[in-house]
Every structure is written in C-alpha cells, then in structure tokens.
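Everything below concerns the one structure shown next.
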Amino acid sequence: MKLQRTLCHGAPFYVLGPLVTDIFPGYDHITSCIGATAAGYHGASMLCYVTPKEHLGLPKKDDVKQGCIAYKIAAH
1380 MKLQRTLCHG APFYVLGPLV TDIFPGYDHI TSCIGATAAG YHGASMLCYV
1430 TPKEHLGLPK KDDVKQGCIA YKIAAH
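Here the sequence shown stands for residues 1380 to 1455, where the numbers follow the numbering used here.
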C-alpha cells in the first residue's frame, strides 16, 4: 500500500475483494471480505463489495444485500 500511494501520488486506492481462496463458490462474499479486511487494515481507501453470485451468474437483490452486509462487517 505504501508503494501504491507513492506511485499514484496519494490517489485513493480501491480494491475489489481480494478473494483469499477460490474453493468456495457461492461464498465469494465471505472469502473476499476476509481479503478486504486485510486491505483496509493496510490502508485501502475504498472497498467494493462482492456478491455470493460472483463468478456464478448475475446477482439478484438479495445477493447484493448479502455482499453489502459482509463488507460492512469487514470495514469495521
């Protein structure tokens, strides 16, 4: 994160995920919020939620809700 901030002249850094494992399809919102917690701890400015349908199909309203809930937990 320090290198990224230096190279980008302090521009806000945003992450999607990162997924910490790829063996739990349907639970990407959980595995990615683990990575998001680490990214936030190390200084990421913004977190972009991942839905349970990531890599499986198009998300529905409840999938978006589940992704947002997981990321609210990760952000704290």
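Quick reminder that beta carbons are idealized off the backbone N, C-alpha and C, glycines included.
Under the rule that a run must span 3 or more residues, the beta strand (DSSP E) segments found entirely inside the region 1387-1423 read 1393-1395. Counting C-beta atoms within 10 angstroms of its own C-beta, T1410 has 16 or more neighbours from the protein chains shown and is therefore classed as buried. A Cβ-Cβ separation of about 13 Å leaves V1443 out of contact with D1407 under the 8 Å criterion. The criterion of a C-beta distance shorter than 8 Å is satisfied by A1453 and T1416. Secondary structure of L1426 (DSSP, three-state): strand.
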